[in-house]
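One structure below.
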Amino acid sequence: MARDLSPIVKQSRRESFALAPKAHKVMAKKTGIPGEHSDMRARKGSLYLTQLREKQKVRRLYGLLEKQFAKLMKEAQKSKGLTGEMLLQYLERRADNVVYRAGFATTRRQARQLVSHGHFLLNGHRIDIPSIRLNPDDILEVRPKSQKSEYFKNLSNVRGASNVVPLSWLVADEKKMTIKITGTPKREEAEAGINEQLIVEYYSR
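Using my numbering, the first residue of the sequence shown is number 705, and each one after it goes up by one.
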């Protein structure tokens, strides 16, 4: 399975956006994008560059490769509703993002790994594909065998470190180790600081 394994902090500095909690502290000390002549590159601005950087930021935030992101964008363009909002909804409904949003992982990368290693059941069936899209009434639960692991025995600590934000479209049960999808994500519940219209414009060129 292809993955982007480049350092998340370096990616965050490149996009001037904290893509993971640990990036906040580093970015507070190190300003500007990484690499030689970073100041010079940072000053060169254009509408195209702004659109590109927004696309890269969101793609990296949710942990997708370019081909995956472009495919999802095409699907959003064909769907009913505003393209940008549908794109964000599809990203939010990914299994790895749901695990992260429910506080069962402290980062999306960690959530992706948990799903990839087969620690979850979707409606009673084992899954290992992070990109699976969840629908209303779906139930994601930790496998009985995985519940005995040290990680899930300390799930309350994980959730405590995750800064869980209540969402209208999912309900997490820490004791039962389940996540139920109760609706669809609202635009205002997506990650803050995203301008999806720039991404739509980038792909409309």
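Backbone N, C-alpha and C define an ideal beta-carbon position, used for all residues, glycine too.
Annotation for Q901: G788 place their beta carbon closer than 7 angstroms to its own, counting only its chain and skipping 5 residues before and after. Taking C-alpha positions only, L874 is separated from K782 by approximately 26 angstroms. Taking C-beta atoms under 8 angstroms as the contact rule, R805 and L871 qualify, at a distance of about 6 angstroms. Contact between the region 873-890 and the region 845-855 is established, with three or more Cβ pairs separated by less than 8 angstroms.
The way I'd put it, the region 769-781 doesn't touch the region 810-822; fewer than three beta-carbon pairs between them come closer than 8 angstroms. Pairing A799 with T888, the inter-Cα distance amounts to about 13 angstroms.
Going by beta carbons, P840 and V819 fall outside the 8 angstroms limit.
If you draw a 10 Å sphere on the C-beta of N867, you find fewer than 16 other C-beta atoms in it, and that means exposed. Inter-residue distance for Y752 and V862 is about 40 angstroms (C-alpha atoms, whole angstroms). The beta-carbon distance between L765 and E878, rounded to whole angstroms, is 25 angstroms. This is too long to meet the 8 angstroms contact definition.
In this structure I903 is not in contact with E770, their Cβ atoms being roughly 13 angstroms apart against a cut-off of 8 angstroms. DSSP places L838 outside both helix and strand once states are collapsed to three, so it counts as coil.
Beta-bridge partners assigned by DSSP to E845: L825 and T882. Between the alpha carbons of S850 and E905 lies a gap of roughly 43 angstroms.
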